[in-house]
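In the UniProt record's numbering, the protein residues as written are 1 to 313.
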């Protein structure tokens, strides 16, 4: 099976840090896959908070840069020493994070070890969403060694990472407590949360205590306050802030910040859960690639339920 590959493609370039308006379309040569790489015809790209942070403040690759790490699409060319994929395979995954963005494009190079076969039942939009955010959630739960019967608090259970974490913790057999606004409480319950806390009604630390684990996806003082709700020996894992190591030691709890990494094994774990009906993406809105600036504005409102996704015709 062969696919005609054009010489040039449309990408969304970032010439300098700034607001969403700095994202502009441009033409670039279609790259050729090297050792261990495949060329993917992009069908969908997921937006993450890190995209908007890098756009505003860096650190940036060589300028002009192309942002985006989450991708779903079709393999159109295979580099040397790649035996796992063939032209025509539908795949999804996360580009090498954080050093190799580039998904805001019609074609992108991906390392073979960073992608996997997309299940037929999973749309490109849902697959693109289920990469960086879902891998972050899975790796956080692995870090804290979350087990069946343990009680975990997941902050922002309706968010990008949070809505996957609720489902993944549930799949591990944990008792899942999540924070959400009153408007999103039913949605978080539908994901499998056993309890949902309206964090605006009363501080969460007044509503739960003695937990085995907390996943902080929010940052700010949430990490410090979360230490206070753990049992001795409990775990706090943060993705948006560095926890207070001294306070954690004083309380006799574990605390760490993690940075997501690409993993085909992790993606395959997610695929098994999707196929078992235990994991799904919630894509609240899609945008054409040309409207990426609008997608960034929506992401920066901080009110997104689930994920935002770019579609590539």
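Glycine included, every Cβ here is placed at the ideal spot set by N, Cα and C.
- Residue pairing from DSSP places residue 9 in a beta bridge opposite 28.
- For residue 116, the enclosing beta strand (DSSP E) covers residues 115 to 117.
- Distance check between residue 24 and each of 296, 172, 125 and 300 places 296 closest, using alpha-carbon atoms only.
- The C-alpha of residue 101 is placed about 25 Å away from the C-alpha of residue 280.
- If you look at residue 92, you'll find it in the beta strand (DSSP E) that goes 90 to 94.
- Looking at 211, 149 and 160, the one whose alpha-carbon comes closest to that of residue 173 is 149.
- Between the segment 78 to 86 and the segment 118 to 129 there are fewer than three inter-stretch CB-CB distances shorter than 8 Å, so the stretches are not counted as touching.
- Only residues of its own chain outside the window of five on either side were considered, and among them 133, 136, 137, 217 and 239 have a CB closer than 7 Å to the CB of residue 161, listed in chain order.
- Residue environment analysis places residue 62 among the exposed positions, since fewer than 16 neighbouring C-beta atoms fall within 10 angstroms of its C-beta.
- The criterion of a C-beta distance shorter than 7 Å is satisfied by residue 230 and residue 211.
- Around residue 197, the same chain offers 179, 204 and 207 as residues with beta carbons nearer than 6 Å, after the five sequence neighbours per side are excluded.
- About 14 Å separates the Cβ atoms of residue 260 and residue 129, ruling out a contact at the 8 Å cut-off.
- Between residue 96 and residue 36, the beta carbon gap of about 11 Å keeps them out of contact (Cβ cut-off 8 Å).
- Here the C-alpha atom of residue 267 lies approximately 21 Å from the C-alpha atom of residue 76.
- For residue 226, the enclosing alpha helix (DSSP H) begins and ends at 222 to 227.
- As DSSP reads the structure, residue 73 sits in a beta bridge with 42 and 91.
- The segment 26 to 33 makes no contact with the segment 287 to 306; the number of CB pairs closer than 8 Å stays below 3.
- Inclusion of residue 26 and residue 11 in the CB contact set at 7 Å is warranted, their separation being smaller than that value.
- Assigned with DSSP and collapsed to three states, residue 155 falls in coil, not helix or strand.
- Within the DSSP bridge table, the entry for residue 175 names 151 as partners.
- According to the DSSP assignment, residue 124 belongs to the alpha helix (DSSP H) that extends over 124 to 129.
- By the 16-neighbour rule on beta-carbons within 10 angstroms, residue 221 is exposed.
- One alpha carbon belongs to residue 82, the other to residue 110, and they sit about 11 Å apart.
- Assigned with DSSP and collapsed to three states, residue 231 falls in strand.
- Pairing residue 116 with residue 70 gives a Cβ-Cβ distance that is not under 7 Å.
- A straight line joining the alpha-carbon of residue 193 with that of residue 219 spans about 21 Å.
- For residue 190, the uninterrupted alpha helix (DSSP H) run begins and ends at 185 to 190, by DSSP.
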